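One structure is given here, and the rest of the page talks about it.
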Amino acid sequence: MSITATIMNTATGQPIQKMVFGRMPKPWVSFNLTTGELVTADRVEVGKPAPGKFAVPVSVWVTPKQ
């Protein structure tokens with residue numbers, strides 16, 4: 108089962124993009140954004156699913172070098 112996560116900018120608090128991971132991302136995961144920039148996760152947040160839903164919101168916070 109794949110995990111769809113929202114990639115969030117730590118500096119601004121704004122979402123950068125959505126990304127699909129094959130499994131739950133670890134807090135030290137490194138990956139490339141669509142811009143080609145290599146980033147490392149600062150933290151991974153797992154929320155609670157909405158009532159009656161099974162999908163859990165996952166946010167991966169990164170600090171881009173822009």
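Following the working numbering, the numbering of the sequence shown begins with 108 at its first residue and continues without gaps.
A virtual CB, placed ideally from N, CA and C, is assigned to each residue, including glycine.
These numbers were taken from a predicted model, which means no experiment stands behind them.
What separation, rounded to the nearest whole angstrom, lies between the Cα atoms of residue i and residue j?
| i | j | result |
| --- | --- | --- |
| Glu144 | Pro158 | 36 Å |
| Met131 | Lys155 | 15 Å |
| Ser137 | Val146 | 6 Å |
| Ala118 | Leu140 | 16 Å |
| Lys172 | Phe128 | 22 Å |
Locate the beta strand (DSSP E) running through residue i, then write down its first and last residues.
| i | result |
| --- | --- |
| Trp168 | Val165 to Val169 |
| Phe128 | Pro122 to Phe128 |
| Glu144 | From DSSP, Glu144 is part of no beta strand (DSSP E); its letter is neither H nor E. |
Excluding sequence positions up to five away, which residues of its chain have a Cβ less than 8 Å from the Cβ of residue i?
| i | result |
| --- | --- |
| Lys125 | Thr111, Ala112, Thr113 and Ile114 |
| Val163 | Val153, Gly154, Lys155 and Pro156 |
Ignore the nearest five residues each way along the sequence and tell me which others in residue i's own chain have a CB closer than 6 Å to its CB.
| i | result |
| --- | --- |
| Val167 | Ala112, Ile114, Pro132, Ala148 and Val151 |
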